[in-house]
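If you read the protein sequences in the order shown, they are chains A and B.
Residues 776 to 890 in the numbering used here are what the first sequence lists, from first letter to last.
Residues -8 to 104 in the numbering used here are what the second sequence lists, from first letter to last.
These notes are about the structure you will find just below.
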Amino acid sequence: DTGVSQNPRHKITKRGQNVTFRCDPISEHNRLYWYRQTLGQGPEFLTYFQNEAQLEKSRLLSDRFSAERPKGSFSTLEIQRTEQGDSAMYLCASSALGQGGYGYTFGSGTRLTVV
Amino acid sequence: QQQVKQSPQSLIVQKGGISIINCAYENTAFDYFPWYQQFPGKGPALLIAIRPDVSEKKEGRFTISFNKSAKQFSLHIMDSQPGDSATYFCAATQRGATNKLIFGTGTLLAVQP
Chain A
776 DTGVSQNPRH KITKRGQNVT FRCDPISEHN RLYWYRQTLG QGPEFLTYFQ
826 NEAQLEKSRL LSDRFSAERP KGSFSTLEIQ RTEQGDSAMY LCASSALGQG
876 GYGYTFGSGT RLTVV
Chain B
-8 QQQVKQSPQS LIVQKGGISI INCAYENTAF DYFPWYQQFP GKGPALLIAI
42 RPDVSEKKEG RFTISFNKSA KQFSLHIMDS QPGDSATYFC AATQRGATNK
92 LIFGTGTLLA VQP
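Encoded structure:
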C-alpha cells in the first residue's frame, strides 16, 4: 500500500489522558500536514512540516498539542491532558514539494473520542 | 478572510440527474481551488481542481465552473450515480510556502436509485 497510513484508526481515551497518533506519509513526499475534522465540518489545518522542519502551526494547535517529524519520515501528533473538545477525526496528508494543493493525499484518519 | 462558504449543506438527487454544489471565497490571494470527495470512514480524496485563469474544467462527469469576478465556483456532477453518494468539500489554497487548504463545510450528497 503506497498511500498515507495512520494509526490507530480509532482511539477512545478518558479526559486528562495523553494520546499519540502516528502518520506514515507516502515515502517520496517531503511535505506533511495534520488536519482536524469535527462532525459535519470540513478539515481544519493544524500544522505543516517540510521534511523534518515544522514550518507552520495553526492557532488551533494549543500548548497541549505537539507534533514531530523526526528525520523527515513518519510524524506523530501528541495531545496532552485531553479534553472532550478534542474529540474529532485527525487527518494526515502528504504531498511532494511543488505539487501544491493538487498533490495532497490524505490518510483515513484517526478518530479520537474523549470520554 | 480565510473562509470558504459552501452550499447546500445536503442534496438529494435522482439517479441520472445533475448535482450542483456551490462555493464562495473572499481571499483574492487564493489561486487554486480543488474539490474533495469523502466517504464515511475515509479521508478526503481529490476529485478535480481549477486555477482562476480558467473558467471551466471538465473531467468525465465532473465539471468545475469558476467565476473570478464573483469569487464563486461550483461543482457539477452530470448523470449522478448512487456511487457518487458521499460528502463533497470545496477548498482553496494560496500556493506558496505552505499550501495549506481552507475547506468549506461540506455537502452531503445522496443519489437515489
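For each residue, glycine too, the CB sits at the ideal point set by N, CA and C.
- Sequence-distant partners of glycine 8 of chain B (beyond 5 residues in either direction) whose C-beta falls short of 7 angstroms from its own C-beta, in its chain, are Ser71.
- For the options B:Ser76, B:Gly87 and B:Lys48, the alpha carbon positioned closest to that of valine 102 of chain B is the one of B:Ser76.
- When C-alpha distances from leucine 887 of chain A are compared across A:Thr813, A:Gln781 and A:Lys786, the shortest belongs to A:Lys786.
- In this structure, DSSP gives proline 783 of chain A a state outside helix and strand, which the three-state scheme calls coil.
- Glutamine 63 of chain B has a beta carbon lying at 9 angstroms or more from every beta carbon in chain A.
- In this structure valine -5 of chain B is in contact with tyrosine 16 of chain B, their Cβ atoms being roughly 5 angstroms apart against a cut-off of 8 angstroms.
- The straight-line gap separating the alpha-carbon atoms of glutamate 819 of chain A and glutamine 5 of chain B is approximately 31 angstroms.
- Apart from sequence neighbours up to five positions away, the residues of its chain that approach leucine 37 of chain B with a beta-carbon distance below 7 angstroms are Pro25 and Tyr27, ordered along the chain.
- For threonine 777 of chain A, the closest alpha carbon among the candidates A:Arg856, A:Ser802 and A:Pro783 is that of A:Ser802.
- Note on geometry: alpha-carbon atoms of proline -1 of chain B and alanine 82 of chain B lie some 15 angstroms from one another.
- Residues Ile41 and Ile55 of the same chain have their beta carbon placed closer than 6 angstroms to that of lysine 48 of chain B, with the five preceding and five following residues left out of the count.
- Contacts between glutamine 829 of chain A and chain B, judged by CB atoms closer than 9 angstroms, are missing: the closest CB pair is about 11 angstroms apart.
- Isoleucine 11 of chain B has B:His67 as its beta-bridge partners, per DSSP.
- If you look at glutamate 819 of chain A, you'll find it in the beta strand (DSSP E) that goes 819 to 825.
- Membership of proline 25 of chain B in the beta strand (DSSP E) is indicated by the continuous run 24 to 29.
- About 13 angstroms separates the Cβ atoms of glutamate 858 of chain A and arginine 811 of chain A, ruling out a contact at the 8 angstroms cut-off.
- For threonine 851 of chain A, the enclosing beta strand (DSSP E) has its first and last residue at 850 to 854.
- Going by DSSP, leucine 866 of chain A is part of the beta strand (DSSP E) stretching over 863 to 870.
- For the segment 795 to 818 of chain A, the set of residues with a beta-carbon nearer than 9 angstroms to any beta-carbon of chain B comprises Arg806, Tyr808, Tyr810, Gln812, Gly815, Gln816, Gly817 and Pro818, in chain order.
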